[in-house]
Structure formats: C-alpha cells, structure tokens
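See structure below.
2 protein chains.
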Amino acid sequence: MTARIAQVDLPGVTPSRQQRSRETTFALLTAGAELLCTRNLAELSISDLCAQIGATVGAFYSRFDSKEAYFNALLALTLEGGRQELLKLPPAGSVHPGDLDAQCHQLVRGIVLWMRRHKGVLRAALVRGEHGANNWTGFKDLAQALSQRAALLLRPAPHDSGAVRRKPAATAAELKTVAFGVQVVLSTLVNAILNDPGPLSIDDDEIAERLGACLVLLLRAGSDGPAPKPRGRPSKR
Amino acid sequence: MTARIAQVDLPGVTPSRQQRSRETTFALLTAGAELLCTRNLAELSISDLCAQIGATVGAFYSRFDSKEAYFNALLALTLEGGRQELLKLPPAGSVHPGDLDAQCHQLVRGIVLWMRRHKGVLRAALVRGEHGANNWTGFKDLAQALSQRAALLLRPAPHDSGAVRRKPAATAAELKTVAFGVQVVLSTLVNAILNDPGPLSIDDDEIAERLGACLVLLLRAGSDGPAPKPRGRPSKR
DNA sequence: CAATAACCATAATTATGATTATGATCTGGA
DNA sequence: TCCAGATCATAATCATAATTATGGTTATTG
Chain A
1 MTARIAQVDL PGVTPSRQQR SRETTFALLT AGAELLCTRN LAELSISDLC AQIGATVGAF
61 YSRFDSKEAY FNALLALTLE GGRQELLKLP PAGSVHPGDL DAQCHQLVRG IVLWMRRHKG
121 VLRAALVRGE HGANNWTGFK DLAQALSQRA ALLLRPAPHD SGAVRRKPAA TAAELKTVAF
181 GVQVVLSTLV NAILNDPGPL SIDDDEIAER LGACLVLLLR AGSDGPAPKP RGRPSKR
Chain B
1001 MTARIAQVDL PGVTPSRQQR SRETTFALLT AGAELLCTRN LAELSISDLC AQIGATVGAF
1061 YSRFDSKEAY FNALLALTLE GGRQELLKLP PAGSVHPGDL DAQCHQLVRG IVLWMRRHKG
1121 VLRAALVRGE HGANNWTGFK DLAQALSQRA ALLLRPAPHD SGAVRRKPAA TAAELKTVAF
1181 GVQVVLSTLV NAILNDPGPL SIDDDEIAER LGACLVLLLR AGSDGPAPKP RGRPSKR
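Line by line, the protein sequences give chains A and B.
My numbering numbers the first residue of the first sequence as 1 and each following residue consecutively.
My numbering numbers the first residue of the second sequence as 1001 and each following residue consecutively.
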C-alpha cells in the first residue's frame, strides 16, 4: 500500500493494461484509505471518492466491479501489509526469559503503530456488519498468526539456550493463555479505534505501555500459577 | 425494558394517550431489540419491523418521529436498565482486602451477563458510525460509573474496617489504573459482541473468568508496584 | 501514422427504504 | 351510548447513492 504502483491483482478489480489506469486504481485506493479516516464506508460515496482525485464514477467502475469489491481490495492490501509488518515482530527469534517484558512491550507497540497508520480502513472494516465472512476472516488469520508469534515469547524456540529446565513446547493451557492475552490486547486497541471510550486512546503512547504490561501479567500468571481458578461449570470452546 | 408497559417519555417519542398505542410502542421496541440480534440497524427496515408485530409503517410513524429517534429510545432504555442493574454490583459496599479477587470476578460476571442479554441493541449502537455524539456518550457515562464502582473495590469505603493501614482515598495513579482495567475489560467484551474474534466469545463463561482474573492482576499490579515502567516520552491525556 | 482497444466523462437509470398524505377505525371520557 | 381525538392502514412521495449506457479521448502497436 505504500509506494508500489504495481499491479493489483484481486477479485473484483479489473487488471490494468495501461499505466494510466494503474494510477487511477492506486489513487482511488489511497484516497479511500484517507477519506475513511473521517467518514465510514456507507458515508463514502463513489462520486465523493472520485471527486477527491479528480476522476469520475465512470473511471471507478472501469476499475472495480462494485463498491464492495473496491473495499475488499482496500482491506486485503491493508491486511497483507499488516502481515508483512507485524509478523517480523518481535525481531529477535530467541530471547532470554528475562526479556519477556521487553519483548511484549515491543510487540504491542508494533501493533499499535500499525493500527494507528491504518485507522480508517480498519475502522470501516470492523464496522461493516454481517455480510459475507470474507471480511473478518482476514483479521482472524492475522490475530492467530500474532498469537503464535506471542507463544514463542513464552517458550523460546526449542533449539535455544542450552538450559533444559522447561519443556520446549508450550502446553495447551499455555497456548490458550497466550491466545487470550492477544485477544485482550487486540480488542482493547480495536475498541479504541472504533469508539475511543477512554481513558486511553489509540494515539496515546501510554496505551502501548499499559497493554504491554498487561500482556506480561497475563502471560506470567498463565505460565507459572495454575489456570485462573475455575468456578461454575466448564464453558464451551 | 422487561415488563413495564408504562409510559415511555423520551425525545422523538410521541407520548401515548391510549393503552393501545402504549402497547404498539412497547411491541416495536421489543421487536427491534430482538431483530437487531440478526440484522444491523441499517438492515432493519421500518416495514420489516412493523410486519414483525403485525403493524404498519403508519403505526410506527405515529409513535416515533424517525428511525433515529426510535433507536435512540431503544438504546436509552437499554442503557438505563444497565445502569440500574450494573451499579449495584458488586453487592457488598465494604469488603475485606482478601475479597478483591472474588469481587472482581463478580463484577465482571455481572457485566458479561448483562451484555449477553442485550447483544443486539448494543452491537447496533456500537456499530453506528460517527453522527451525533448523543449515542456514545451514554456508554461513556456507564463505563465511568463502573470505573468508580471498581475503584471502591481497590480502596474500601473510608468508614470501613477499623484498620487504618492504607490511606482511605485512592491516589490519582490508582484511579487511572482502575479506569484502564475497566477499559480493557469492557473493550474485550465489546469486541466479542461486535466481531467475536475468539478464542473466547461472549457466550463462553470462561470469558468472565479470565477477564475477572485479568482485572485482578491489573489492579494489584497498579496498587502496590510502581506504575508500569515508563519508556519513551510521556504520552498525552 | 492509422487502427484498435483501453480508458474515462457525462448523464441517465434503478433500487431501496425512509418519510408523508390521506382517510378509515378505534378508544376513552361524558 | 356517542363523539372528538387518537391511532392506525394504505398508498403515494422523495432522497440518496449505486450502477449502467453511451460516446468521446487517449494510449499502444503494427
């Protein structure tokens, strides 16, 4: 999404055969991402969008099959960028146990920075009610990938330090703890983008601090202590 | 919202002068809450809504000024009910320090149960992009009230046990910690309602367990240890 | 430098659903 | 019981914005 005015090959997007159309396609996508910081998807009319870049609806429909296809493309590109960027966090593959704290903070901070940069598209996508699941699965995939990433924080890669004090593989319970931690972190950020309930907003650096710390607490509590004391009957999932 | 077919006096709602209309008003509100579990607000057409209860659009518009007024009323009633219900949680006003754990769990569980029961309206309200702030402020108020409530958990009411080991009033830092904890809990639940990202959904009892435990961790960490170690420059707010 | 296909602008068309107009039918108080 | 509202049903409006139709303009290619 940054600078590559390269081909965009996605369903519902007419492939460009000339440089000109590649540019309008790109311009439309970029302008949309920008405008979605203000309006939501329903409020973003095709003609507004086109006016923004000095084009007309005719141009739009010669590039995209429909408004939905357009937004799907925009979202797909955004998420793909996110995958690229986030899955290299935290940078170091193997860490010393003591680094858990720093690594968590770094991971969360990376997520926050990415989300800030894509507020508009993310909000629009998250708000889009029901419809085809095509939409939300992309998020789930990303979240799951992040979860796996975070699991590595807890249990460094098997071939790591010589010490063999812990089993190399994380237990199922630990995996669930990690997944829940990621759910909490992402949910808080998503809600900050959607509703900004306060006290901390997505643009406060402190939100990254606190969520990082929160993740540390959850991971630690889940890995040494027993599972959070069960009450009531067992739940599903 | 439960059984009182009493007057509903809200802006945009025409006051009923006959029993009949009181009933249709109530039926419309109830049916809307139900239908919103499936569709979102945009997908809920007035005629669908009316068909649902065997009425027609004429009836609707003789009760409500507009669709927006209708939903505002629905939301207002829902939130009012929430205030009534949630602000009596946790039941005991004064608690022993050791009860923090149990109280947190109870508070969170209460919130979860309430949210489950109002999924539809809550989702619709949360999804409603931008527009007049009339909407979201209701939530903020509730969240803030909950926050104060939670603050009491941390620091029991001043006139409590004879022991004077802690200052009776919570520090500003502690209040912020509490507010953040509430933000995390509510955000996770809101996102569970909106997007159900997993692993835990709003209908899993385990989500209440884990969030309760999470709240405990956050409160404890914030009240004894120093604030989460600051890195980078200080943030706003 | 044509000729042909891409590309795009303009001006309809269409679909949807909220809102209103109009007149019947009901209700509660006298 | 009877009637003046109150309430509701039906059938138009209206507004909005997505989508299409049509034809002109621009780029590639032989």
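Quick reminder that beta carbons are idealized off the backbone N, C-alpha and C, glycines included.
### Task
Identify each residue in the region 1102–1115 of chain B for which the Cβ-Cβ distance to at least one residue of chain A is less than 8 Å, and report them in chain order.
H1105
### Message
Residues of the region 189–203 of chain A in Cβ contact with chain B at a cutoff of 9 Å, in chain order, please.
### Response
L189, V190, N191, A192, L194, N195, D196, P197, G198, P199, L200, S201, D203
### Element boundaries [alpha helix (DSSP H), containing B/N1191]
Along the second sequence, one-based indexing puts residue 1191 of chain B at 191. Where B/N1191 is concerned, the enclosing alpha helix (DSSP H) stretches over 1172–1194.
### Message
Just checking: is the beta-carbon of B/V1013 within a distance shorter than 8 Å of some beta-carbon in chain A?
### Response
Here residue 1013 of chain B refers to the residue found at position 13 when the second sequence is read from its first residue. No, B/V1013 does not count as interfacial toward chain A.
### Task
State the beta-bridge partners of B/V1013 as determined by DSSP.
The residue you call residue 1013 of chain B lines up with position 13 of the second sequence. BP columns for B/V1013 point to B/F1064.
#### Entry: Identity of the residue in B/E1085, B/G1138, B/N1191, B/N1195 nearest B/I1111 by Cα
The count along the second sequence starts at 1 and reaches residue 1111 of chain B at position 111. If you compare the alpha carbons of B/E1085, B/G1138, B/N1191, B/N1195 with that of B/I1111, the shortest gap goes to B/E1085.
#### Entry: Cβ of A/A133 within 8 Å of any chain B Cβ
As a working mapping, residue 133 of chain A is identified with position 133 in the first sequence. Annotation note: pLDDT 45 at A/A133 (below 50); position unreliable, no value reported.
### Query
Just how far apart, CA to CA, sit B/Y1061 and B/L1122?
Numbered from 1 along the second sequence, position 61 holds the residue referred to as residue 1061 of chain B. Numbered from 1 along the second sequence, position 122 holds the residue referred to as residue 1122 of chain B. Rounded to whole angstroms, B/Y1061 and B/L1122 show a C-alpha spacing of 23 Å.
### Query
Is there at least one non-hydrogen atom of the ligand GDP closer than 7 Å to the beta-carbon of B/A1221?
The ligand content of the structure shown is nil, which means the ligand GDP is not present either.
### A/F64 and A/G120 closer than 8 Å at C-beta
Translated into the one-based positions of the first sequence, residue 64 of chain A becomes position 64. Translated into the one-based positions of the first sequence, residue 120 of chain A becomes position 120. Not in contact: A/F64 and A/G120 (Cβ atoms no closer than 8 Å).
### Task
Could you give the DSSP three-state label for B/S1021: helix, strand or coil?
The residue given as residue 1021 of chain B occupies position 21 in the second sequence. Residue state, collapsed to three classes: helix.
### Query
Anyone know if the C-beta pair for B/L1077 and B/L1029 falls short of 8 Å?
For the purposes of this step, residue 1077 of chain B is taken as the residue at position 77 of the second sequence. For the purposes of this step, residue 1029 of chain B is taken as the residue at position 29 of the second sequence. For B/L1077 and B/L1029, yes; Cβs fall inside 8 Å.
### Query
Can you find a C-beta in chain B that's less than 8 Å from the C-beta of A/R210?
For the purposes of this step, residue 210 of chain A is taken as residue 210 along the first sequence, with counting starting at 1. Taking Cβ atoms only, chain B reaches closer than 8 Å to A/R210, which makes this a yes.
### Message
For B/M1115, tell me which candidate among B/L1219, B/S1016, B/A1033 has the shortest Cα-Cα distance.
### Response
Position 115 of the second sequence, counting from 1, holds the residue named residue 1115 of chain B. Of the listed residues, the one whose Cα sits closest to B/M1115 is B/A1033.
### Query
Whose Cβ in chain A lies nearer than 7 Å to the Cβ of B/K1067?
Working through the second sequence from its first residue, we reach residue 1067 of chain B at position 67. Result: empty, since nearest Cβ-Cβ is about 14 Å, beyond 7 Å.
### Assumed close pair A/V178, A/L211 - CB separation to whole angstroms, cut-off 8 Å
Residue 178 of chain A sits at position 178 when you count from the first residue of the first sequence. Residue 211 of chain A sits at position 211 when you count from the first residue of the first sequence. Between A/V178 and A/L211, the beta carbon gap of about 15 Å keeps them out of contact (Cβ cut-off 8 Å).
### Query
Quick one: Cα of B/F1139 to Cα of A/D204, how far?
Residue numbering aside, residue 1139 of chain B sits at position 139 when the second sequence is read from its first letter. Residue numbering aside, residue 204 of chain A sits at position 204 when the first sequence is read from its first letter. When rounded, the distance between both Cα atoms is 21 Å.
### Query
Just reading off the alpha helix (DSSP H) that B/R1116 is part of, what are its end residues?
Mapped onto the second sequence, residue 1116 of chain B falls at position 116. B/R1116 -> alpha helix (DSSP H) spans 1100–1117.
### Task
For chain B, find out if any of its Cβ atoms is closer than 8 Å to the Cβ of A/G127; answer yes or no.
In the first sequence, the residue the question calls residue 127 of chain A occupies position 127. According to the sequence provided, residue 127 of chain A is Val. The question's Gly does not apply to it. Closer than 8 Å to some Cβ of chain B, the Cβ of A/V127 qualifies, so yes.
### For B/S1066, the nearest candidate out of B/L1152, B/I1046, B/A1051, B/A1027 (CA to CA)
Within the second sequence, the letter at position 66 stands for residue 1066 of chain B. Looking at B/L1152, B/I1046, B/A1051, B/A1027, the one whose alpha-carbon comes closest to that of B/S1066 is B/I1046.
### Task
Would you mind stating whether B/F1071 and B/L1049 have Cβ atoms separated by less than 8 Å?
Reading the second sequence from its first residue, position 71 is the one you call residue 1071 of chain B. Reading the second sequence from its first residue, position 49 is the one you call residue 1049 of chain B. It is not a contact, given that the beta carbons lie outside the stated cut-off.
#### Entry: Beta carbon proximity, B/S1021 to chain A, threshold 8 Å
Translated into the one-based positions of the second sequence, residue 1021 of chain B becomes position 21. Taking Cβ atoms only, chain A never reaches closer than 8 Å to B/S1021, which makes this a no.
#### Entry: Residues in the region 172–185 of chain A having any Cβ partner in chain B nearer than 8 Å
Those residues of the region 172–185 of chain A that come within reach of chain B (Cβ to Cβ, closer than 8 Å) are K176, A179, F180, Q183, V184.
### Query
By the criterion of Cβ-Cβ separation under 7 Å, what are the contact partners of B/F1060 in chain A?
Residue mapping note: residue 1060 of chain B aligns to position 60 of the second sequence, counting from 1. Neighbours of B/F1060 on chain A: none; closest Cβ ~22 Å, over 7 Å.
### Query
What's the gap between the Cα of A/K167 and the Cα of A/L189?
The residue given as residue 167 of chain A occupies position 167 in the first sequence. The residue given as residue 189 of chain A occupies position 189 in the first sequence. Bear in mind that the predicted position of A/K167 carries a pLDDT of just 48, short of 50, making it unreliable; the figure below should be weighed with that in mind. Each residue's alpha carbon lies about 33 Å from the other.
### Task
Just mark A/R128 as buried or exposed, buried being the case when its beta carbon has 16 or more other beta carbons within 10 Å.
Numbered from its first residue, the first sequence carries residue 128 of chain A at position 128. Label assigned to A/R128: buried.
#### Entry: C-beta atoms of B/V1182 and B/L1146 nearer than 8 Å
As a position in the second sequence, residue 1182 of chain B is number 182, starting the count at 1. As a position in the second sequence, residue 1146 of chain B is number 146, starting the count at 1. In this structure, B/L1146 lies closer than 8 Å to B/V1182 by Cβ.
### Query
Which stretch, first to last residue, makes up the alpha helix (DSSP H) that contains B/Q1007?
Numbered from its first residue, the second sequence carries residue 1007 of chain B at position 7. Neither: B/Q1007 is in no alpha helix (DSSP H) and is coded neither H nor E.
### chain B within 8 Å of A/C37, Cβ atoms only
Translated into the one-based positions of the first sequence, residue 37 of chain A becomes position 37. Chain B, which has no Cβ nearer than 8 Å to the Cβ of A/C37, makes this no.
### Message
Given a cut-off of 8 Å on the beta-carbon distance, is the pair A/A208 and A/R117 in contact?
### Response
As a working note, residue 208 of chain A is residue 208 in the first sequence. As a working note, residue 117 of chain A is residue 117 in the first sequence. Result no, Cβ atoms of A/A208 and A/R117 do not sit closer than 8 Å.
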